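Worksheet for the structure shown next.
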Amino acid sequence: MIKLSEKVLRGLGKVPKTKPKAKNIVDGVNIVSKKYKKYTKSNISVPLERSPQKDTFVAQTTPNKNVRINKKRENRRPNIGDFLVDRNRVLAEAYTSDLQRVALEVPGASFIKEVNKSSTKELKSILGKLASRSEQFSERGYKGVIRDGVRATMFLPDADKNYVKVIKAMEKRGYKIAKTFAEDANGNIVLNKEGFPKMVDDIDVRFGKNSVPSGYEDVQMRFEKGGNLYELLILPGPNYAAFKNKEHELVYENFRLYKETGLREDEGAKQIIKAIQAEFHNITRQLYKQALDRDVLGSRNISSQPVTFTEKGINTVNNLFKSLKTLYRGKFDALPPSKRSRPDFKQTKNYRNLDTIENNLRRFMEEYKPISQ
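So the sequence shown is numbered by the working numbering: it starts at 464 and just counts up by one.
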């Protein structure tokens with residue numbers, strides 16, 4: 464049993480005092496009450512508040528890509544390239560709308576918005592192209608400019624013959640074919656009689672003998688309107704465009720790495736890389752032809768025989784990959800120990816680049832490997 468003190472017993476049933484103590488009264492004002500009111504004005508809510516004074520519903524939405532990009536920009540200094548990209552997006556909207564109307568006028572032409580989602584180049588791509596063209600100044604005598612910030616793809620059968628119809632339809636809307644430097648087969652600038660660079664229409668028809676070694680064919684042109692440049696790529700159809708994107712990623716970009724990493728500077732290595740490339744182009748030419756037939760004839764009229772590497776082709780490529788590494792291993796072994804950047808060849812930059820490019824190209828080989836019987 465708990466025994467309560469007399470003081471506690473006397474206080475039972477009594478109401479607590481509400482009158483403030485004398486020491487808290489200054490000139491008739493309760494200073495404790497003022498402190499409490501000041502406290503309640505802070506971010507901490509009043510203890511007895513049961514519900515907000517008014518409804519405060521806030522809709523939660525997922526920010527789109529452009530909003531995320533703008534938030535990133537707030538954290539860094541503005542770049543002139545950002546304004547260029549933003550301007551190109553505005554130009555691309557009007558450009559693609561015009562192409563949609565042109566596609567309705569030209570027989571057989573079609574313009575699909577889903578294929579043209581990336582109608583502008585991002586800043587990284589623009590700066591990369593500018594750096595690449597700047598390097599050509601010492602090699603070719605001129606500094607290139609960015610000429611494809613706004614671009615689009617249109618589908619049109621027999622583009623090498625029918626692209627003129629697209630040009631006439633675009634001219635009605637205020638566009639005209641842009642001019643560019645004339646170049647010879649070696650990429651050198653052609654001069655006119657006065658000794659100035661010769662300018663020609665910026666149209667590149669790559670068909671037949673002028674097609675890319677991989678078998679890829681297209682018509683490329685650039686329009687000019689209001690001082691702005693617009694690129695147009697004309698392809699046979701969506702199947703052709705789909706394989707073009709795959710070949711560009713898995714084959715073209717990787718063979719370009721051989722040059723960018725300096726692995727083609729050695730003449731022997733250059734010949735080996737060309738031999739590897741020839742084996743890949745033997746397959747890509749057939750696949751481009753198959754994609755063209757699908758767009759023109761339809762899938763039902765295409766041969767069911769799949770396009771693949773042969774066993775002989777696979778063995779040839781494997782031996783060429785091995786020869787390329789052996790060549791650079793020999794160059795490494797020929798160096799005195801004091802000139803070697805790493806004690807082991809497999810630790811060198813050349814080996815890592817060779818191995819990376821080889822593994823990337825093997826992804827394409829795996830996808831089109833011979834079918835086992």
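We treat Cβ as the ideally placed atom computed from N, Cα and C, and that holds for glycine. As the structure is a prediction and not an experimental result, all values here were calculated from the model.
| query | Would you report the Cα separation of ALA615 and GLN740, rounded to the nearest angstrom? | reply | Here residue 615 corresponds to residue number 152 of the sequence shown, with the count starting at 1. Here residue 740 corresponds to residue number 277 of the sequence shown, with the count starting at 1. One C-alpha to the other measures close to 29 angstroms.
| request: For ARG815, count neighbouring Cβ atoms within 10 angstroms of its own Cβ and tell me buried if that reaches 16, exposed if not. | output: For this step, residue 815 is matched to residue 352 along the sequence shown. Exposed, since its Cβ has fewer than 16 Cβ neighbours within 10 Å.
| query | Going by Cα to Cα distance, which pick from ALA622, GLY725, LYS809, ASN673 is closest to PHE795? | reply | The residue you call residue 795 lines up with position 332 of the sequence shown. For PHE795, the nearest C-alpha among the options comes from LYS809.
| message | For a test of the three-state rule: what should DSSP assign to ASN649, helix, strand or coil? | response | As a working note, residue 649 is residue 186 in the sequence shown. Here ASN649 sits in coil by DSSP.
| message | Given 7 angstroms as the limit, tell me if ARG826 has its C-beta closer than that to any heavy atom belonging to the ligand COA. | response | This structure does not include the ligand COA; it has no bound ligands of any sort.
| field | LYS639 classed as buried or exposed, judged by whether at least 16 other C-beta atoms fall within 10 angstroms | value | Taking the first residue of the sequence shown as 1, we reach residue 639 at position 176. Classification of LYS639: exposed, given that the 10 Å Cβ count is below 16.
| message | Less than 6 angstroms between C-beta atoms, sequence neighbours within five positions excluded: which residues of the same chain meet that for ILE697? | response | The residue you call residue 697 lines up with position 234 of the sequence shown. Contacts found: MET617, LEU619, ALA622, TYR626, VAL682.
| GLY725 versus ASN813, VAL653, ASN781, residue with shortest Cα-Cα distance | Residue numbering aside, residue 725 sits at position 262 when the sequence shown is read from its first letter. Comparing Cα positions, the closest option is ASN813.
| Alpha-carbon spacing of THR819 relative to TYR791, whole angstroms | For the purposes of this step, residue 819 is taken as the residue at position 356 of the sequence shown. For the purposes of this step, residue 791 is taken as the residue at position 328 of the sequence shown. Looking at the two C-alpha atoms, the distance is approximately 15 angstroms.
| field | In chain order, each alpha helix (DSSP H) run of at least 4 residues that lies wholly inside the segment 703-733 | value | 716-723
| request: Taking ILE842 and PRO769 to be in contact with their CB atoms under 8 angstroms, please state how far apart those CB atoms are, rounded to whole angstroms. | output: The structure shown does not extend to residue 842, since the chain is modelled only from 464 to 836, so the question has no answer here.
| message | Tell me which residue opens and which closes the beta strand (DSSP E) that PHE686 is part of. | response | Indexing the sequence shown from 1 puts residue 686 at position 223. That run of the beta strand (DSSP E) goes 681-688.
| query | Is there contact between the segment 680-694 and the segment 757-766, where contact requires at least three CB pairs shorter than 8 angstroms? | reply | no
| request: With a threshold of 16 other CB atoms inside 10 Å of the CB of MET633, please say whether the residue is buried or exposed. | output: For the purposes of this step, residue 633 is identified with residue 170 of the sequence shown, where counting begins at 1. Flag for MET633 reads buried.
| said: LEU798 and ALA738 - do their beta-carbons sit closer together than 8 angstroms? | reply: The residue labelled residue 738 in the question sits at position 275 within the sequence shown. The residue labelled residue 798 in the question sits at position 335 within the sequence shown. No; because the gap between Cβ atoms is not below 8 angstroms, this pair is not in contact.
| query | With LEU554 and VAL613 assumed to form a contact (beta carbons below 8 angstroms), what rounded beta-carbon distance in angstroms separates them? | reply | Counting from one through the sequence shown, the residue named residue 554 turns up at place 91. Counting from one through the sequence shown, the residue named residue 613 turns up at place 150. With a Cβ gap of about 5 angstroms, LEU554 and VAL613 count as contacting.
| message | What would DSSP say about ILE697, mapped onto helix, strand or coil? | response | As a position in the sequence shown, residue 697 is number 234, starting the count at 1. In this structure, ILE697 counts as strand in the three-state DSSP scheme.
| task | Would you give the residue range spanned by the alpha helix (DSSP H) that ALA622 belongs to? | result | In the sequence shown, counting from the first residue as 1, residue 622 sits at position 159. Element bounds for ALA622: 622-634.
| message | With a threshold of 6 angstroms on Cβ separation, who are the neighbours of ALA754 within its own chain once the five nearest residues in sequence on each side are excluded? | response | The sequence position of residue 754 within the sequence shown is 291, counting from 1. Hits under 6 angstroms: ASN702, TYR703, PHE706.
| message | If I follow the unbroken beta strand (DSSP E) through ASP667, where does it start and stop? | response | Against the sequence shown, residue 667 aligns to sequence position 204. Run containing ASP667: 666-669, per the beta strand (DSSP E) assignment.
| task | Identify, in the order they occur along the chain, each residue of the same chain with its Cβ nearer than 7 angstroms to the Cβ of ASN717, setting aside the five sequence neighbours on each side. | result | Translated into positions along the sequence shown, residue 717 becomes position 254. Counting only Cβ-Cβ distances below 7 angstroms, and skipping sequence neighbours, we find ILE820, ASN823, LEU824.
| request: Count the other CB atoms, across all protein chains shown, that sit within 10 Å of the CB of LEU567; report buried if there are 16 or more and exposed otherwise. | output: Position 104 of the sequence shown, counted from the first residue, corresponds to residue 567. So LEU567 ends up on the exposed side.
| field | Own chain residues within Cβ distance below 6 angstroms of ASP561, not counting five before or after | value | One-based indexing of the sequence shown puts residue 561 at position 98. Around ASP561: ARG636.
| task | Kindly indicate which residue of GLU742, VAL548, LYS576 has the alpha-carbon position closest to the one of THR559. | result | Residue 559 sits at position 96 when you count from the first residue of the sequence shown. Among GLU742, VAL548, LYS576, the Cα nearest to that of THR559 is on LYS576.
| query | Whose C-beta lies closer than 6 angstroms to the C-beta of GLU680 among residues of the same chain, with five residues either side of it excluded? | reply | The residue given as residue 680 occupies position 217 in the sequence shown. Answer for GLU680: ARG669, PHE670, SER674, listed in chain order.
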